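First the structure, in the form of structure tokens, and then the observations on it.
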Amino acid sequence: MSTIVEVAGARPNFMKIAPVHRALLASGGFRPVFVHTGQHYDRQMSEVFMRDLGLPSPDFELGVGSGSHAEQTAQVMLRLEPILLKERPRMVVVVGDVNSTLGASLTAAKLTIPVAHVEAGLRSRDRTMPEELNRLVTDVISDLLFAPTQEAVDNLLSEGISPARIHLVGNVMIDTLESLLPKARESDVLHRLGLDTGRFLVTTLHRPSNVDGSSLPVVVDVLSSAARDIPMVMVAHPRTGKRLHQTGLLARLEEGGVRVIEPLGYLDFLGLMSSSAGVLTDSGGIQEETTVLGIPCLTMRDRTERPITVTEGTNEVVGLDRERIVEAVRRIATGPPTEPRRPALWDGRAAERIVSILCDVLRSRDP
Ligand code: UD1
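Numbering (the working numbering), first residue to last: 2 to 368.
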């Protein structure tokens with residue numbers, strides 16, 4: 002049995018690691034060791050997700066918690082190193098682009114343990130985004146790069162990465178969506194919130210560029226303007242909730258007609274999103290999920306590292322342009338439903354492909 006260490010730590014990691022974990026177990030040839038870094042630690046940001054996604058209790062919990070980027074990344078490295086030295090895995094699997102992804106891949110690479118990066122090759126070309134630096138460094142030091150789209154493959158090739166390391170496998174987030182959508186549709190979240198199917202918008206915002214600096218009052222104004230045409234629910238990330246409280250902008254947002262609620266678990270959030278008229282977000286994963294669900298998505302950023310969701314999906318990158326957003330919301334509120342779109346290989350089987358490649362690669366390296 003080959004030991005594989007899987008590392009996840011923040012909310013958007015859990016839905017990516019879950020299908021890989023299951024596929025590793027199903028193949029019968031691996032002993033997956035699950036490490037939770039604890040970058041996200043609130044019940045609503047972590048425990049509820051582990052439960053909804055059917056992830057096992059972690060084999061190791063690093064308890065890293067909040068801190069500056071340097072602190073978070075360094076703590077992941079310090080706390081993971083002894084585990085890797087003890088377990089001596091044949092591969093470390095990291096997912097996504099959070100600080101835990103960077104810390105884990107650097108630690109493994111420096112111990113000469115091969116790293117597999119799931120969701121490799123995404124690029125926003127904005128190096129002020131912490132996630133962009135995490136993606137660039139992780140991809141450069143990983144042995145196996147599992148890309149969700151041809152665009153991601155092309156990004157890696159254009160950076161001079163050897164084609165032998167790159168594998169186009171599809172999107173593991175969609176594996177999770179596919180397997181849990183029927184259950185999510187049974188959620189009573191709409192009833193709990195008193196909402197009618199197809200007659201409300203969902204918003205989620207947490208990027209530092211939108212919520213940490215001078216943009217937050219603009220965001221609040223834009224959302225309040227958009228909420229005049231259709232009810233809007235903000236599912237607030239802890240970072241956003243804290244900032245709205247600290248700045249006193251929460252009251253203004255609620256007076257503007259936006260209902261602010263605490264983070265939801267995976268099933269409730271997917272249930273809510275799949276029944277909504279549209280989504281306003283700065284999340285990465287939600288741009289992909291709305292494409293497959295056929296729900297219009299307005300991305301409140303200047304660019305996206307997931308352009309396929311625009312060219313082949315339901316996404317529109319709108320920045321903080323109030324006129325454009327109000328106009329788009331009006332269109333969504335009154336227009337016909339959007340059709341779901343499915344980029345190539347976003348078919349619910351990405352994790353199977355990953356594990357089959359892992360089997361082949363490790364077999365070819367057997368002593
Ligand atoms: C992180 C990821 C981002 C991802 C996002 C999704 C990085 C650089 N960023 O950003 O890519 O899209 O997660 O959620 O890794 N907090 C809590 N409870 C928690 C977790 C965080 O209250 O369980 C608070 C922290 O104390 C901090 C803020 O939220 O004040 C930000 O948390 P942090 O983990 O630094 O980054 P995220 O914004 O969550």
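Ideal placement from N, C-alpha and C gives every residue a C-beta, glycine not left out. In this text the structure is predicted, and so the values were computed from the model without any measurement.
Smallest Cα separation from residue i: which of the options?
i    : options                   : result
E160 : E88, I175 and R126        : R126
K184 : A24, E324 and G266        : G266
P131 : L182, G29 and A71         : A71
R240 : E88, L157 and R208        : R208
T113 : R166, A121, R44 and L85   : L85
S275 : L191, V77, V318 and P115  : L191
S67  : Q76, D60 and F61          : Q76
N156 : L137, V173 and P368       : L137
V36  : I18, L271 and R52         : I18
G314 : R343, P337, A334 and R332 : R343
P218 : V236, L194 and L251       : L251
F1   : V34, R366 and G349        : Outside the displayed span of the chain (2 to 368) sits residue 1, for which this structure offers no information.
S69  : Q40, L63 and D53          : Q40
H238 : E263, V220 and R89        : E263
V236 : N100, L146 and L273       : L273
Q73  : V362, A153, V99 and T292  : V99
D322 : P337, P341, P308 and T300 : T300
Just the C-alpha distance for residue i and residue j, rounded to the nearest angstrom, thanks.
i    : j    : result
G171 : G249 : 43 Å
R200 : V280 : 12 Å
Y42  : M2   : 31 Å
P83  : D213 : 35 Å
R12  : R325 : 30 Å
A352 : E290 : 17 Å
H246 : E255 : 12 Å
A109 : P115 : 7 Å
P164 : P297 : 35 Å
G421 : T339 : Past the boundaries of the shown model lies residue 421; the chain is included only from 2 to 368, so the question cannot be answered.
V93  : R128 : 26 Å
L346 : N14  : 20 Å
M78  : T335 : 50 Å
G257 : G295 : 28 Å
L81  : T102 : 12 Å
V49  : V65  : 18 Å
Strictly by DSSP, which residues pair up with residue i?
i    : result
R260 : V234
C298 : V280 and N316
P33  : I5
T204 : M235 and L281
H118 : V95 and L146
I167 : L146
Can we count residue i as close to the ligand ADP, meaning its CB is less than 7 Å from some heavy atom?
i   : result
A11 : The ligand ADP is not part of the structure shown, which contains the ligand UD1 as its ligands.
For this session: Specify whether the stretch 200-207 and the stretch 225-235 touch according to this definition: at least 3 beta carbon pairs, one from each stretch, less than 8 Å apart.
Result: A contact is defined here as three or more CB-CB pairs under 8 Å, and the stretch 200-207 meets this definition with respect to the stretch 225-235.
Problem set entry | the stretch 346-360 touching the stretch 22-33, judged by at least three CB pairs closer than 8 Å | Because the criterion of three Cβ pairs below 8 Å is met, the stretch 346-360 and the stretch 22-33 touch.
Exercise. Is the stretch 184-197 touching the stretch 284-304 in the sense that three or more CB pairs, one from each, lie closer than 8 Å?
Worked result: No, the stretch 284-304 is not in contact with the stretch 184-197.
Exercise. Counting Cβ pairs, one atom from each stretch, are 3 or more of them under 8 Å apart for the stretch 140-152 and the stretch 325-336?
Worked result: No, the stretch 140-152 does not touch the stretch 325-336.
Problem set entry | Segments of 3+ residues assigned as beta strand (DSSP E) that fall wholly inside the stretch 54-97 | As far as the stretch 54-97 is concerned, its whole beta strand (DSSP E) runs of at least 3 residues are 92-96.
Problem set entry | Whole beta strand (DSSP E) elements within the stretch 180-204, 3-residue minimum | DSSP runs (the beta strand (DSSP E)) wholly in the stretch 180-204: none.
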